[in-house]
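Asker: Provided herewith is a single structure, encoded as structure tokens, for subsequent inquiry.
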Amino acid sequence: MYDYLIVGSGLFGAVFAYEMTGRGRRCLVIDRRSHIGGNCYTELVEGINVHKYGAHIFHTSDREIWDYVNRFAEFNNYINSPVAIYGDELYNLPFNMNTFSKMWGVKTPSEAKAKIAEQLAGLNITKPENLEEQALSLVGPDVYEKLIKGYTEKQWGRKCSELPAFIIKRLPLRFTYDNNYFTDRFQGIPIGGYTQIFEKLLKGTELRLDTDYSALKNEKIAKKTVFTGCIDEFFEYGLGRLEYRSVRFENEILDTDNFQGNAVVNYTSADIPYTRIIEHKHFEFGTQRSTVISREYSAEWCSGAEPYYPINDGRNTALYSEYAKLAGSRRDVIFGGRLGMYRYFDMDKVIRAALDAVEAEMKQRME
Ligand code: UDP
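2 is the number of the first residue of the sequence shown in my numbering; add one for each residue after it.
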């Protein structure tokens with residue numbers, strides 16, 4: 002009998018397993034894929050660590066979490082500074098003085114602010130109700146039309162006016178010449194890829210790959226289950242289906258040492274079908290002779306595809322809260338991660354949530 006059956010070897014499951022195995026608990030980790038690491042998994046291709054399920058850039062302001070991940074890999078000093086291509090124009094992201102200078106020919110913060118104020122005049126948005134209104138009221142129509150609308154509608158497959166405002170708040174707006182996408186204190190990419198982190202986290206824990214939860218769920222093999230798959234799947238869609246966004250990648254190995262000069266290039270116009278191109282070598286300042294690129298296409302999730310993003314619109318949020326009530330009544334199951342908690346989590350927040358879950362478990366056992 003195991004103490005914990007942990008379904009999914011992504012960040013939540015692997016951190017939980019590491020902590021509990023370290024406390025002498027018997028854990029079994031299963032994953033339906035043939036590898037560990039969930040969507041953080043990286044794979045060596047042509048000597049380059051390829052982020053197989055999309056770019057993962059570690060960033061956090063939580064020193065404890067930064068110290069924690071640094072125990073499992075050495076992180077480099079990569080700073081994410083994507084550029085956006087709209088037609089034949091190229092802009093720096095996030096929205097900063099470089100972006101405004103290119104867009105309007107302004108040089109100083111006060112000129113940029115005056116330009117934005119001019120753009121906002123006549124919009125009359127007092128309380129932004131959705132992503133479109135939020136974006137328009139922050140940066141005005143020029144930036145919205147060129148850098149936000151097309152990209153966002155491709156990524157989410159929904160109109161900006163139907164999406165929640167908070168999504169765009171992930172993107173900073175600043176009046177300095179600073180292209181650092183994140184405002185967090187700590188940032189980097191693990192030198193040698195993410196997979197090593199999971200190998201170390203799972204060392205000493207029993208692991209079964211290519212194993213679906215459905216094969217084990219009726220066998221009482223553990224006192225508790227930690228479930229990091231889709232919460233609606235766990236409850237066999239009893240209350241209806243939650244929606245997810247999926248991503249499809251077209252990978253190419255190219256016989257050039259530098260294809261686009263940057264790890265991340267966003268394509269923000271609606272007429273280019275992909276949202277971005279990732280050139281993986283630049284995450285680790287690679288000097289290989291060739292390069293690997295991934296064109297990223299966003300798609301509605303359907304059975305058989307990989308779910309990536311929860312969709313936090315009104316319908317899904319309401320449905321999730323019903324599932325969360327069901328989850329709350331199951332004292333034998335802990336739900337975790339982006340899919341188990343249906344939350345647009347960054348990696349640091351997932352680790353924090355897993356550590357919190359461990360602490361809650363330990364407290365419960367003491368009571
Ligand atoms: N976004 C945008 N234009 C860009 C990049 C991002 O409008 O060039 C918006 C878009 O709405 C997106 C959100 O910012 O959904 C968050 O983007 P982020 O890059 O953080 O998404 P992730 O890396 O998590 O896919």
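Think of the CB as a built atom: it goes at the ideal place given N, C-alpha and C, for glycine as much as any other residue.
Predicted, not measured: the structure shown is a model, and the values here were computed from it.
Kindly indicate which three-state DSSP category L164 falls into: helix, strand or coil?
Answerer: Position 163 of the sequence shown holds residue 164. Looking at L164 - three-state DSSP - the assignment turns out to be coil, as it is neither helix nor strand.
Asker: Determine which residues share a DSSP beta bridge with P28 and list them.
Answerer: The sequence position of residue 28 within the sequence shown is 27, counting from 1. A small fix is needed here, since residue 28 is Cys in this sequence, not Pro. DSSP lists Y5 as partners of C28.
Asker: Verify whether the separation of the beta carbon atoms of S247 and P173 is less than 8 Å.
Answerer: Counting from 1 along the sequence shown, the entry for residue 247 is found at position 246. Counting from 1 along the sequence shown, the entry for residue 173 is found at position 172. Contact flag unset, no.
Asker: Exposed or buried, what is S162 when buried is set at 16 or more other beta-carbons lying within 10 Å of its beta-carbon?
Answerer: Counted from its first residue, the sequence shown places residue 162 at position 161. Exposed is the call here.
Asker: Are the segment 317-331 and the segment 16-29 in contact at 8 Å, needing three or more beta carbon pairs?
Answerer: Judged by Cβ distances under 8 Å, the segment 317-331 makes no contact with the segment 16-29, as fewer than three pairs qualify.
Asker: Quick one, which of S299, K128, K225 and N125 has its alpha-carbon nearest Q365's?
Answerer: For this step, residue 365 is matched to residue 364 along the sequence shown. Of the candidates S299, K128, K225 and N125, the one whose C-alpha sits nearest the C-alpha of Q365 is K225.
Asker: For ligand 1, which residues have a Cβ under 6 Å from at least one heavy atom, in chain order?
Answerer: For ligand 1, the selected residues are A85, L94, L148, I149, Y152, T153, Q156, I168, I169, R171, L172, N267 and T269.
Asker: Output the boundary residues of the alpha helix (DSSP H) element that contains A15.
Answerer: One-based indexing of the sequence shown puts residue 15 at position 14. Note, A15: alpha helix (DSSP H), L12 to G23.
Asker: Rank F235, W157 and P165 by C-alpha distance to the C-alpha of Y214 and give the top, closest one.
Answerer: Here the question's residue 214 lines up with position 213 in the sequence shown. For the residues F235, W157 and P165, the minimum Cα distance to Y214 belongs to F235.
Asker: Please list the terminal residues of the continuous beta strand (DSSP E) segment that includes S295.
Answerer: Counted from its first residue, the sequence shown places residue 295 at position 294. Segment T292 to E301, the beta strand (DSSP E) holding S295.
Asker: F235 by DSSP, collapsed to three states: which one?
Answerer: Working through the sequence shown from its first residue, we reach residue 235 at position 234. It is helical.
Asker: So, does the CB of P173 fall closer than 8 Å to a CB anywhere in chain C?
Answerer: Among the chains in the structure shown there is no chain C, since it carries only a single protein chain.
Asker: Which same chain residues, not among the five before or five after G189, have their C-beta less than 7 Å away from its C-beta?
Answerer: On the sequence shown, residue 189 is found 188 positions in, with the first residue counted as 1. The answer, listed in chain order, is F59, F76, N77, N78 and Y79.
Asker: Where L356 and F199 are concerned, what is the direct C-alpha to C-alpha distance, given to the nearest angstrom?
Answerer: Stepping through the sequence shown from its first residue, residue 356 is reached at position 355. Stepping through the sequence shown from its first residue, residue 199 is reached at position 198. So the two alpha carbons sit approximately 15 Å from each other.
Asker: Could you give the distance in angstroms between the alpha-carbon of E386 and the alpha-carbon of G287?
Answerer: With the chain running from 2 to 368 in the structure shown, residue 386 is simply not present.
Asker: Roughly how many angstroms separate the alpha carbons of P165 and N313, rounded to a whole number?
Answerer: To locate residue 165, count along the sequence shown from 1; it is residue 164. To locate residue 313, count along the sequence shown from 1; it is residue 312. Spanning the two alpha carbons is a distance of roughly 7 Å.
Asker: Residue range of the beta strand (DSSP E) that L45 falls in?
Answerer: Walking along the sequence shown from the start, residue 45 turns up at place 44. Run containing L45: T43 to V46, per the beta strand (DSSP E) assignment.
Asker: Would you mind reading off the limits of the beta strand (DSSP E) that contains E280?
Answerer: Position 279 of the sequence shown, counting from 1, holds the residue named residue 280. Note, E280: beta strand (DSSP E), R277 to E280.
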